[in-house]
Structure formats: structure tokens, C-alpha cells
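Quick notes on the structure that follows.
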Amino acid sequence: MNLFSLLDQTTVLPNFAVGSKKELINALVDALEKKVESKEQLEEIRKAVFEREKIMSTGVGKGLAIPHAKTSSVENNLAAFALLDEPLDFDSIDGEPVRLVFLLVGPESNNSQHIKLLSRISRLMNSGSFRETILNCTSTDEILNAFQGEEEKYFVS
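See below:
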């Protein structure tokens, strides 16, 4: 499964402005609205993501956060991405604020795929040149094209 295939015009938020970590996570979950069948399902996703975040911050360092969760309310992986217009404190492990935020939600029944996707996000975003490319994007299309190009370089045969 490709990360770029999980993202589209409705789930990528370029130049996004938020005032708090909570507001950011809520906005990313809300971006999944067209991917789910009901408001109840969306609220289950929101609850799962916030519960996971309580365990330990998903601010992984280098300006990146990967809020994520598994829930029985979804059958397929869902994702959203935000490029913040200003750095935001996310309680990251390196103490630095974030600008790149990748939300991943997967079914409880498929733990191995969830871990593989988290690993892929980390691997892509570990590239300084790719992070710089994303940080210089100004539109949803630019972000989508950047993810597709980078992922095809490393993962698609």
C-alpha cells in the first residue's frame, strides 16, 4: 500500500494554521469525514487518536508528528496530512515544534500493515531533502506530487 494513495484533495491541508495540538488533531480527523460512513465512525476515530496520544506524544522529532491509532470502526487505512504555516508545539521527543503532521488510522484487525505504513512514513520523512521539499510546497497538488514522487523513488517497482 502506498502512502500517496491514502491522500487526496480532501485529506491534505497545506499552509494550515492552528493554535493547539488538540485543534490540529481534530482538524486532521475532520479531514477524513468523506472517507467514513457516519459521524459516529468519525468520532470513534477521534477518540482512538486522542487515546493513543495520551499514552505518549507522537511528535517523533525533526519537525514531524505522526498521530495514529487503530480502531475497530474502520476496515481500511485512512490518512491525512497537514503542512503547518507556523511551527506548533507537539510535545515532541526532541522538544522541537512540528510543521509536518501525518495522521494514520488503521483497522485493529491489521496490525502488521499499520506498522509497515508507520515505518514507511518515518522512512520517507527521515530524508532531509524530502522534508525540505514538502516544507516548500504551497498547494495540495504540490504535496501530493511530492509524496508520490518520493515514494515511487524508493518503494514502487
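Numbering-wise, the numbering used here puts 183 at position 114 of the sequence shown, and it's gapless, one number per residue.
All C-beta atoms in this analysis are idealised placements derived from N, C-alpha and C, irrespective of residue type, glycine included.
These figures come from a predicted structure and were not determined experimentally.
Same chain, Cβ closer than 6 angstroms to residue i, neighbours up to 5 away in sequence not counted
i	result
Phe85	Ala151 and Leu153
Glu221	none
Ser226	The pLDDT assigned to Ser226 is 49, lower than 50, so where the model puts this residue is not dependable; a value taken from the coordinates is nonetheless given after this. Answer for Ser226: no residue qualifies.
Glu113	Thr140 and Ser142
Rounded separation between residue i and residue j - CA only
i	j	result
Thr207	Val129	23 angstroms
Leu173	Glu211	20 angstroms
Glu102	Lys108	8 angstroms
Ile94	Phe159	10 angstroms
Lys123	Ala96	18 angstroms
Leu76	Leu213	7 angstroms
Val87	Arg121	21 angstroms
Val81	Ala138	18 angstroms
Glu106	Arg115	14 angstroms
Asn195	Gln217	16 angstroms
Asn71	Phe119	25 angstroms
Val98	Lys104	10 angstroms
Tyr223	Ser178	27 angstroms
Gln182	Glu92	28 angstroms
Reference residue i, options the options, closest by Cα
i	options	result
Pro176	Glu144, Asp160 and Val170	Glu144
Leu232	Lys139, Asn146, Leu133 and Thr140	The requested residue 232 does not occur in the structure, where the chain is confined to residues 70 to 226.
Lys131	Arg200, Arg121 and Lys104	Arg200
Asp163	Pro83, Ser126, Thr79 and Ser196	Ser126
Pro83	Met194, Phe171 and Ser191	Phe171
Glu155	Ser161, Ala149 and Val167	Val167
Ser161	Lys90, Leu111 and Phe119	Lys90
Rounded Cβ spacing between residue i and residue j (contact assumed at less than 8 angstroms)
i	j	result
Leu169	Ile203	6 angstroms
Ile184	Ile135	About 12 angstroms separates the two Cβ atoms, so there is no contact after all.
Ile219	Leu193	In the sequence as presented, Ile is not what sits at residue 219; that position holds Glu. With 8 angstroms as the limit, Glu219 and Leu193 qualify as a contact, their Cβ atoms being about 6 angstroms apart.
Ala149	Ala100	4 angstroms
Close Cβ partners of residue i (< 8 angstroms) along its chain, the five nearest in sequence each way excluded
i	result
Ala215	Phe199, Thr202, Ile203 and Cys206
Asn180	Lys139
Nonlocal neighbours in the same chain, by C-beta distance under 7 angstroms from residue i, ignoring five residues either side
i	result
Gln78	Thr209
Phe73	Leu213, Phe216, Gln217 and Glu220
Entirely enclosed alpha helix (DSSP H) segments - the stretch 90-161, minimum 4 residues:
90-99 and 108-124
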